[in-house]
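What follows is one structure encoded as structure tokens, with my remarks underneath.
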Amino acid sequence: MSDWVMTEFWKLGAIGFSVVLMVFALIGLNRLFGLRSFSKLSGFDFAITVAFGSILAGTVMVENPPVAQGAAALLCLFSLQAILAYARRKWDWASLLINNEPRLVWRNGTFFADQMKAAQITRGDILAKMREANAIRFEDILAVVVETTGDISVLHKTGDDRDIDAEIMTGVIGWTD
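Okay, so the sequence shown: first residue is 1 according to UniProt numbering, each after it adds one.
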């Protein structure tokens with residue numbers, strides 16, 4: 001029973017030292033690979049960020065794998081993310097393969113059930129995001145889009161604006177001008 005609560009003092013020091021080394025590895029790789037490293041521009045980016053945390057936690061909490069293996073795994077993930085980001089910029093087919101596509105799920109008072117089903121969200125999810133965006137009337141909202149990351153964007157009217165520039169909606173499934 002005491003093994004569940006207590007540990008040997010030297011193990012605490014080893015964990016602390018591992019944390020310091022892994023955090024410095026993470027910071028160094030982030031500086032080397034750039035700003036996109038922790039972005040959430042696509043679902044893949046989000047998955048990579050979660051994997052970074054998982055590797056860091058797994059490496060510092062157990063003796064095996066050692067810190068060097070954890071740092072190598074981080075390097076592999078950072079490299080894979082950079083390669084896929086390059087492929088997305090270079091080839092349209094790579095972007096289509098890697099990314100989800102944004103979907104229009106609400107516009108001008110209408111919920112689009114087919115797009116909601118494809119995005120696996122409910123009317124309640126959309127209403128919650130509208131409230132979160134401080135919308136108090138449907139007529140204040142122009143559109144709601146489920147983005148490539150799964151985030152939900154609520155596009156508001158501002159001042160005299162009554163419509164959305166079509167270019168902003170480029171690539172959004174369900175959008176017609």
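Cβ coordinates follow ideal geometry from the N, Cα and C atoms, glycine included.
Since this is a predicted model, take the numbers as computed values, not measurements.
Sequence-distant residues of its chain with Cβ nearer than 7 Å to residue i (five each side left out)
i, result
"T148", "S42, G43, N99, N100, E101 and P102"
"A143", "L104, W106, R107, L155 and I164"
"V67", "S18, L21, M22 and T59"
"A82", "F33"
"G13", "none"
"P65", "T59"
Status (buried if at least 16 other CB within 10 Å, exposed otherwise) for residue i
i, result
"R88", "buried"
"L77", "buried"
"L56", "buried"
Distance CB(residue i)-CB(residue j) smaller than 8 Å
i, j, result
"V96", "L29", "Note that residue 96 corresponds to Leu in the displayed sequence, not to Val. Cβ atoms of L96 and L29: not closer than 8 Å."
"F138", "G159", "no"
"K157", "D177", "no"
"A113", "V146", "no"
"G71", "R36", "Gly is not the amino acid found at residue 71; the sequence shown has Ala there. Going by C-beta atoms, A71 is not nearer than 8 Å to R36."
Cβ separation of residue i and residue j, assumed to be a contact under 8 Å, to the nearest whole Å
i, j, result
"I168", "Q115", "Actually they are not in contact, since the Cβ atoms of I168 and Q115 sit about 17 Å apart, beyond 8 Å."
"F52", "L26", "7 Å"
"I136", "M61", "Contact flag wrong, Cβ pair sits at about 47 Å."
Contacts around residue i, its chain only, beta-carbon distance under 8 Å, and the 5 residues preceding and following it disregarded
i, result
"T122", "M116"
"F111", "V105, R123 and I126"
Neighbourhood of residue i by C-beta, 6 Å cutoff - its chain only, sequence neighbours within 5 removed
i, result
"F38", "T49"
"A133", "V154"
"D45", "S39"
"I152", "K129 and V146"
"A166", "D177"
"W175", "L104 and M169"
"A94", "A87 and R88"
Please give the ranges of any alpha helix (DSSP H) in the segment 25 to 85, keeping only runs that are unbroken, at least 4 residues long and fully inside the region.
Taking only runs of at least 4 residues, the alpha helix (DSSP H) segments lying wholly in the segment 25 to 85 are 43 to 61.
List in chain order: all unbroken beta strand (DSSP E) runs of 3+ residues lying wholly within the UniProt domain "YetF C-terminal" (90 to 167).
As far as the UniProt domain "YetF C-terminal" (90 to 167) is concerned, its whole beta strand (DSSP E) runs of at least 3 residues are 103 to 107, 141 to 146 and 152 to 156.
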